[in-house]
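Below is one structure, written out as structure tokens, with a few remarks after it.
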Amino acid sequence: MSSDIRKWFMKQHDKGSGTASKTAVPEKPSPPSSEKPVIRVDTSQENSGRRKTSKYFIASSTKEASSQEMVKEKKAPIKTPSKRKIQNSNEETPDDIKPTPIKKKFHKVDDDEDDFVPASKEKKPAEVKPTKKIKSNSNIEITRNSDKVDDNLEGEIDEKDTGTPLKAGPRDKGGRGPVAVAAGRGRGGGRGGGRGGGRGGYMNFGERKDPPHKGEKEVPEGAPECLAGLTFVISGTLDSLEREEAEDLIKRHGGRVTSAVSKKTSFLLADEDVGGRKSSKAKELGIPFLTEDGLLDMIRKSEPARSSKQEEQKKKTLERMNKPKINISPHKVEVKKDQSASSGRKDAAKSVKPGISPDKRKCQYGDHNSLTWTEKYRPKVPSDIIGNQSIVKQLHEWLMHWNENFLHSSSKGKGKKQSDSASKKAVLLSGSPGIGKSTSAKLVSQMLGFQAMEVNASDSRGKADAKIGKGIGGNTSNTVKELVSNVALNSSMNWSKHPKSVLIMDEVDGMSAGDRGGVADLIASIKVSKIPIICICNDRYSQKLKSLVNYCLPLNFRKPTKQQMAKRLKQITEAEGLQVNEITLEELAERVNGDMRMAINQLQYMSVSQSVINYDDIRQRLLSSAKDEDISPFTAVDKLFGYNGGRLRMDERIDLSMSDPDLVPLIVQENYINYRPTSIAKDDNGVKRMNFLARAAESIGDGDIFNVQIRRYRQWQLSQSSSFASCIIPAALMHGQRETLEPGERNFNRFGGWLGKNSTTGKNLRLLEDVHVHFLASHEAKSDRETLRLDYFTLLLKQLTDPLQVMPKEIAVQKVVEFMDTYSLSQEDFDTIVELSKFKGHPNPMDSIPSAVKSALTKAYKQGSSSRVVRAADMITLPGLKKAPKKRIAAILEPVENGLAEENGEALAENEEEGSDSEDDNDDGISTENAERKPQLDLLNNKPKGIQVQLDLKSNGKSNMKKTPASKSKGGSQAAAADKGSRKRKR
DNA sequence: CAGCCTCGAGTTCC
DNA sequence: CTCGAGGCTG
316 MSSDIRKWFM
326 KQHDKGSGTA
336 SKTAVPEKPS
346 PPSSEKPVIR
356 VDTSQENSGR
366 RKTSKYFIAS
376 STKEASSQEM
386 VKEKKAPIKT
396 PSKRKIQNSN
406 EETPDDIKPT
416 PIKKKFHKVD
426 DDEDDFVPAS
436 KEKKPAEVKP
446 TKKIKSNSNI
456 EITRNSDKVD
466 DNLEGEIDEK
476 DTGTPLKAGP
486 RDKGGRGPVA
496 VAAGRGRGGG
506 RGGGRGGGRG
516 GYMNFGERKD
526 PPHKGEKEVP
536 EGAPECLAGL
546 TFVISGTLDS
556 LEREEAEDLI
566 KRHGGRVTSA
576 VSKKTSFLLA
586 DEDVGGRKSS
596 KAKELGIPFL
606 TEDGLLDMIR
616 KSEPARSSKQ
626 EEQKKKTLER
636 MNKPKINISP
646 HKVEVKKDQS
656 ASSGRKDAAK
666 SVKPGISPDK
676 RKCQYGDHNS
686 LTWTEKYRPK
696 VPSDIIGNQS
706 IVKQLHEWLM
716 HWNENFLHSS
726 SKGKGKKQSD
736 SASKKAVLLS
746 GSPGIGKSTS
756 AKLVSQMLGF
766 QAMEVNASDS
776 RGKADAKIGK
786 GIGGNTSNTV
796 KELVSNVALN
806 SSMNWSKHPK
816 SVLIMDEVDG
826 MSAGDRGGVA
836 DLIASIKVSK
846 IPIICICNDR
856 YSQKLKSLVN
866 YCLPLNFRKP
876 TKQQMAKRLK
886 QITEAEGLQV
896 NEITLEELAE
906 RVNGDMRMAI
916 NQLQYMSVSQ
926 SVINYDDIRQ
936 RLLSSAKDED
946 ISPFTAVDKL
956 FGYNGGRLRM
966 DERIDLSMSD
976 PDLVPLIVQE
986 NYINYRPTSI
996 AKDDNGVKRM
1006 NFLARAAESI
1016 GDGDIFNVQI
1026 RRYRQWQLSQ
1036 SSSFASCIIP
1046 AALMHGQRET
1056 LEPGERNFNR
1066 FGGWLGKNST
1076 TGKNLRLLED
1086 VHVHFLASHE
1096 AKSDRETLRL
1106 DYFTLLLKQL
1116 TDPLQVMPKE
1126 IAVQKVVEFM
1136 DTYSLSQEDF
1146 DTIVELSKFK
1156 GHPNPMDSIP
1166 SAVKSALTKA
1176 YKQGSSSRVV
1186 RAADMITLPG
1196 LKKAPKKRIA
1206 AILEPVENGL
1216 AEENGEALAE
1226 NEEEGSDSED
1236 DNDDGISTEN
1246 AERKPQLDLL
1256 NNKPKGIQVQ
1266 LDLKSNGKSN
1276 MKKTPASKSK
1286 GGSQAAAADK
1296 GSRKRKR
């Protein structure tokens, strides 16, 4: 760290302090909500002075010899919020605050800075801090410019600035990225930073950056409720806290954090003026800005004594929360039922509210503690279900109209049903677990007077059983069958009429775990069923259920919002006499991922040991259970690249990418091009995107290098770097909305192309080998496989398809068949040739051929096949293998009757030979048959046959041989000789 | 009590 | 950006 810069900075700082007096700091940290403190109100240009830096960064800046001019150039807008803040606190805040800024900074300063740290400690904090700032500033401008592409506040100045130090820019960027990452994850970052720095800065995440002073500030402990009633919106990068940390902090102190700025927002928490929507909107709405330091101060100040006002407010809110009593009391149900079923639940709740007294509630719930809360507070009426009311309504409607739609019209109205796609015969409820799918199904059917037959499909496995037939009881699936079909039979009988039944199939996706049979069976049941069927599954897009959704009315349950859940949880906790903060409940709701059941269980569990639950309890308890969902490589990539990909924490990203370290990179590599990065907000000509793409590609390439090191030299410790380079960085760069690059492409992550290609390569090789063998067997040419593919295929394709396109059908077909026979190509070979000759942009020659011609060709070839004798190595069976049954051969021979009259010319001579061979091998019956057909056979086989084989074209693989090896070997040489002769003739 | 407004969360997949 | 939920007001 060069001392002149430091000196310069001091000077600079003194200058700056004069201008900084504009901002005001609130006297009180957390004022009552009525008068919002203006922590920082400035919309002026100086906002653009950013305080984005880190110690690493500084080091790099000096190393990089960022020029003095550059620094100087930047000095004008140096003032940064935090600096002002500190100064202000010096002037205006009591002493107890002062130490913190000092302390917070130098926890882990680099070694080379240590020498001056103690000295500066004695000075005013303001003087210390800027040291960093100045440098950072010079860098920041550069960094930011590329980091924050959509920053419209970024003025011409910035443009110019970046322009000048062109060389420094990218490097800084690069240096910064890895470092930031490393800092975020803990240790081991330094070296990575060096490398990344050298690599041209692909590590720019294009999204939230790490706080410059991460972990350097001491997080204060304030009064638990000191932020109650305040709503915060976090924007941009804070000084020392990760966004999550800040959120946590606020929530722990009773504050609320939302994602969007609205009128309810109390503060916009931002350390810098990110020129984004949030801050502009905040300005519009007059919402005060709050820096991180401001927030910390607020919390700190609250500690000694909470302001009475807050208490009051808190109490008020508590009271407010108390008022809406439990919705679930039987009372309410009654009332609810009185009203028409369709009436909204809002009014019902409202009308009931006053009627319920606390005591009532108590005796309602207090009596039997044996019941688990999940049971106790299970919704009793459909409208009790949290969230998804519209879905419940749809379900209700569907069920209500089911009978008229399907039962009445069952005799006449099948057509109507099919035409009316809206009325499917079944519904498919989908959504993550615990959000009330089965509850809704049950409640709705109960409410409509249906008798619910609940079947958990996962324990009724076995399609075989289902096949046994209807009416065999004992097994669930059979019961289902019985139920469905019996009702069908008895639809007019009393049993099914009066207590209407509904079948609820739970966990449909579990049902078909092994095979698709379960679902197929279910579909069959749906088709037949005379009772409504409600299917429930967890994810609708599972492959297994693909066929099912066609028959179902899909209803997608969403996670209830955390507010909704918190509300209900609040009721429960109150009923149970549990003291829980509302924010805490929201957090709980979030942590359990919308799973009401789990939330309640957790609550009950915690209630055993404590009667007051606060934020940290939830945090600790549920921290580990955060990820329980198993993720496939696909979902992992989805998440990484999703529009929310930027919000993932680094460890989450690593978890995702490590979920399948082999597959995820492949999928990433296959799909990253398809994403339109959100970080390039407005990208007029796509240049930025291209840049990002290039960087992503480069990173993927690096990942490959890592991978080689890992695999070849067993450097397993590199695996994290590998997944970093090959997954996380590309994802960080490119995450955004997926778009299709070609019309008609499914907008879905493709499977890793490599694997697919690998397997198609294998397959194609096999196919090619088949062709090759046949080709060689024709003795028309001897080439190796590659030559065949490269030199012959084009011609073969031409020969095979051109006639079909230009010549009259009959002749063409005949010609092609002839050609195929000449080269002893089977029809599969034909397909292979067409397939392997396909190239993008080249028209498939088969496309222009009328299907009539195609079928004629097939037919002709098949006809020929019965008599065709193909000599091919893959046609030979070993003696041990059984011969084809006679019947089959007969059948094959059968249709030969009327084909190929024309071809007859040449090969008579060989026929004798062939015939005799065949006869030798075959049973008598066949031989006679063969003998009868001989003339035709001859016509077909204009080549001499060494190995003579009846080829069943339809099933080449299992085609039956009628040839012993002996005869083959004997015939082989003959065939070769004769073949040549005939060929020549033919040509 | 019904419609409008505002807030907040979610956003794909045939 | 769009949709649902909830709250407010005429």
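Counting in the working numbering, the first sequence runs from 316 upward without gaps.
Backbone N, C-alpha and C fix where the C-beta goes; we use that ideal spot for every residue, glycine too.
Check whether the region 1116 to 1127 and the region 1079 to 1092 are in contact - that is, three or more C-beta pairs closer than 8 Å. Cβ pair count under 8 Å is below three, so no.
Where does TYR990 sit, in a helix, a strand or coil, going by DSSP? Reduced to three states, the DSSP call for TYR990 is strand.
Exposed unless 16 or more other CB atoms sit within 10 angstroms - verdict on THR580: Counting of Cβ neighbours within 10 angstroms places THR580 among the buried residues, the total reaching 16 or more.
Under a three-way DSSP split, which group does LYS423 fall into? Confidence is the limiting factor: at LYS423 the pLDDT is only 37, short of 50, which leaves the residue's position unreliable and the question unanswerable from this model.
Return yes when the Cβ of ILE838 is within less than 8 Å of the Cβ of LEU818, no when it is not. Against a cut-off of 8 Å, the Cβ pair of ILE838 and LEU818 comes out as no contact.
Cutting at 6 Å between CB atoms, please list the residues of its own chain near VAL1128, excluding the five before and the five after it. Leaving aside the five residues that flank VAL1128 on each side, the residues in its chain whose CB is nearer than 6 Å to its CB run, in chain order, ALA1171, LEU1172 and ALA1175.
From which residue to which residue does the beta strand (DSSP E) around ARG571 run? Looking at the DSSP string, the run of the beta strand (DSSP E) that includes ARG571 is 571 to 573.
First through last residue of the alpha helix (DSSP H) which encompasses PHE956: Here the alpha helix (DSSP H) through PHE956 covers 948 to 956.
Assuming VAL707 and ILE849 form a contact by the criterion Cβ under 8 Å, report the distance between their Cβ atoms to the nearest whole angstrom. Incorrect: roughly 12 Å between the Cβ atoms, too far for contact.
So, helix, strand or coil for LYS815, using DSSP? DSSP places LYS815 in strand when its eight states are reduced to three.
What is the rounded straight-line gap between the Cα of MET768 and the Cα of LYS882? Note on geometry: alpha-carbon atoms of MET768 and LYS882 lie some 32 Å from one another.
Could you tell me the distance, in whole angstroms, from the CA atom of THR689 to the CA atom of GLY957? Taking the straight line joining both Cα atoms gives about 34 Å.
Distance between ASN989 and ASP1019 (C-alpha atoms, nearest Å): Approximately 20 Å, taken between the alpha carbons.
Going straight from the alpha carbon of GLN360 to that of SER577, what length do you get? Low confidence applies to GLN360: its pLDDT is 37, below 50, so where it sits in the model is not reliable enough to give any reading.
Terminal residues of the continuous alpha helix (DSSP H) containing VAL1132? Looking at the DSSP string, the run of the alpha helix (DSSP H) that includes VAL1132 is 1124 to 1137.
What are the residues that DSSP puts in a beta bridge with PRO875? In DSSP, PRO875 forms no bridge with anything.
Check whether the region 922 to 932 and the region 954 to 973 touch, using three or more Cβ-Cβ pairs below 8 Å as the test. Cβ pair count under 8 Å is below three, so no.
With a Cβ-Cβ cutoff of 8 Å, do PRO898 and LYS1155 count as a contact? Pro is not the amino acid found at residue 898; the sequence shown has Ile there. For ILE898 and LYS1155, no; Cβs fall outside 8 Å.
Reduced DSSP secondary structure (H/G/I, E/B, other) of GLU533: In this structure, GLU533 counts as coil in the three-state DSSP scheme.
Alpha helix (DSSP H) segment containing GLY609, residue limits: It spans 607 to 617 - the alpha helix (DSSP H) in which GLY609 sits, taken as one unbroken run.
Leaving aside the five residues before and after TRP1069 along the sequence, list all residues of the same chain whose C-beta is less than 8 Å from its C-beta, in chain order. Here the set comprises LEU981, GLN984 and GLU985.
How close, in whole Å, do the beta carbons of GLU608 and ASP554 come, if the pair is a contact with beta carbons under 8 Å? Checking the sequence shown, residue 608 turns out to be Asp, not Glu. Yes, ASP608 and ASP554 are in contact; Cβ-Cβ is about 7 Å, under 8 Å.
Nearest candidate by alpha-carbon position, reference LEU863, set LEU884, SER840, GLN878 and MET880: The alpha carbon of LEU863 has as its nearest neighbour, out of LEU884, SER840, GLN878 and MET880, the alpha carbon of SER840.
Let me know the secondary structure DSSP gives GLN925 once reduced to three states. In the structure shown, GLN925 adopts coil according to DSSP, grouped into three states.
Nearest to GLY751 (by Cα), restricted to the options ALA1040, LEU763 and LEU710: When only C-alpha atoms are compared, the closest one is LEU710.
To the nearest angstrom, how far is the alpha carbon of THR1137 from that of TYR866? Roughly 51 Å between the two C-alpha positions.
Buried or exposed: where does LEU1103 fall if 16 or more other Cβ atoms within 10 Å of its Cβ makes it buried? By the 10 Å Cβ count, LEU1103 comes out buried.
Look at ALA914 and LEU868 and say whether their C-beta atoms are less than 8 Å apart. Contact: no.
Leaving aside the five residues before and after SER745 along the sequence, list all residues of the same chain whose C-beta is less than 6 Å from its C-beta, in chain order. Closer than 6 Å at the Cβ level, and outside the excluded window around SER745, lie CYS852, ARG855 and ASN871.
Report the residue from ALA835, GLN879, GLU1054 and SER844 whose alpha carbon sits nearest the alpha carbon of LYS859. Residue ALA835 is the option with its Cα nearest to LYS859.
Simplified DSSP state of PHE1007, which is helix, strand or coil: When DSSP states are grouped into helix, strand and coil, PHE1007 belongs to the helix group.
Helix, strand or coil for PHE1021? Go by DSSP, reduced to three states. In the three-state scheme derived from DSSP, where H, G and I count as helix and E and B as strand, PHE1021 is classed as helix.
Which residues in the same chain have their Cβ closer than 6 Å to the Cβ of GLU1101, if we skip the five residues on either side of it in sequence? Short of 6 Å from the beta carbon of GLU1101, and not among the five residues preceding or following it, lies no beta carbon of its own chain.
Give me the Cα-Cα distance between LYS861 and VAL823, rounded to the nearest whole angstrom. So the alpha carbons of these two residues sit roughly 12 Å apart.
Does PRO992 pass the burial test, meaning 16 or more other C-beta atoms within 10 Å, or should it be called exposed? PRO992 comes out buried.
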